[in-house]
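*Asks:*
Numbering (our numbering), first residue to last: 681 to 912.
1) With a threshold of 8 Å on Cβ separation, who are the neighbours of residue 836 within its own chain once the five nearest residues in sequence on each side are excluded?
2) Does the Cβ of residue 857 have 16 or more other Cβ atoms within 10 Å, making it buried, or fewer, making it exposed?
3) Ordered along the chain, which non-local residues of its own chain (more than five positions away) have a Cβ less than 7 Å from that of residue 802?
4) Under the rule that 16 or more other beta-carbon atoms within 10 Å means buried, what is residue 693, buried or exposed?
5) Using three-state DSSP, classify residue 801 as helix, strand or coil.
6) With residue 835 as the anchor, note down where its alpha helix (DSSP H) starts and where it stops.
7) Quick one: residues in its chain with C-beta nearer than 8 Å to the C-beta of residue 721, no 5 flanking neighbours on either side, listed in chain order?
8) Indicate whether residue 756 and residue 788 have their beta-carbon atoms separated by less than 8 Å.
9) Touch check for the region 733–740 and the region 771–782: three-plus C-beta pairs under 8 Å?
10) Would you call residue 687 buried or exposed, if buried means 16 or more other Cβ atoms sit within 10 Å of its Cβ?
11) Report yes if the C-beta distance between residue 817 and residue 872 is below 8 Å; otherwise report no.
12) How big is the Cα-Cα spacing for residue 743 and residue 719?
13) Quick check on residue 879: does DSSP put it in helix, strand or coil?
14) Would you check if the distance between the CB atom of residue 698 and the CB atom of residue 895 is smaller than 8 Å?
15) Whole alpha helix (DSSP H) runs in the region 742–772 with 4 or more residues, listed along the chain?
16) Three-state secondary structure (DSSP) at residue 845?
17) Quick one, which of 893, 781, 814 has its alpha-carbon nearest residue 794's?
18) So what does DSSP say about residue 682, is it helix, strand or coil?
19) Exposed or buried, residue 887, counting other C-beta atoms within 10 Å across all chains shown (16 or more means buried)?
20) Which of helix, strand or coil does DSSP assign to residue 893?
21) From the DSSP output, which residues share a beta bridge with residue 740?
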């Protein structure tokens, strides 16, 4: 079954609704120096969300949008997520980071964002494959949110080549929603699909809120097409 990954959770009630809607993975931005202030979640709220996710068997992801490695490790050790997602454009995880993560934070896996901006994305994916547990392919760069959060798709032919080439799970992000998730899965056959922009409501003050009916539709369509295609 293709995994459904929903970003960016901002409070406990929303997290519960997203999990009820069928999300297999949930991601949020813990309090840190990077990212949009309105999207950062206080540690005590993260604790509560992660505890409920663990009870349900839903994987938790801490999204890192900063370049301070020591701050990242402080956050990871404080929150113990299932996965840490390195998404900032000023820092990319390397072998030293991966080795330290496995030594100091056993049980937390590493996901690296891959900017899909042309054929060079495959070379980057092959390099990250050597030391990461997951890859997340995404579209575009933004000052506050690093790789991704553009709400735009990219060349899925490159994603498919990445999926067929690397030996670790690949999650596809970038402009995915209920309107195109089935097509994406049919074309790429990935490990997972990620949605942020098309399953969110964004307000002028920077606040973001999940659109739960759209989250539910996204998850239902992804799971249904996975079953139809017999994707494990």
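Backbone N, C-alpha and C fix where the C-beta goes; we use that ideal spot for every residue, glycine too. Fair warning: this is a prediction, and the values are worked out from it, not measured in the lab.
*Replies:* On the basis of the supplied data:
1) 852, 864, 867, 868
2) buried
3) 838, 841, 842, 845
4) exposed
5) helix
6) Run containing residue 835: none; DSSP gives neither H nor E here.
7) 689, 690, 691, 708, 709, 710, 711, 729
8) yes
9) no
10) buried
11) no
12) 11 Å
13) helix
14) yes
15) 749–759
16) helix
17) 814
18) coil
19) exposed
20) helix
21) 706
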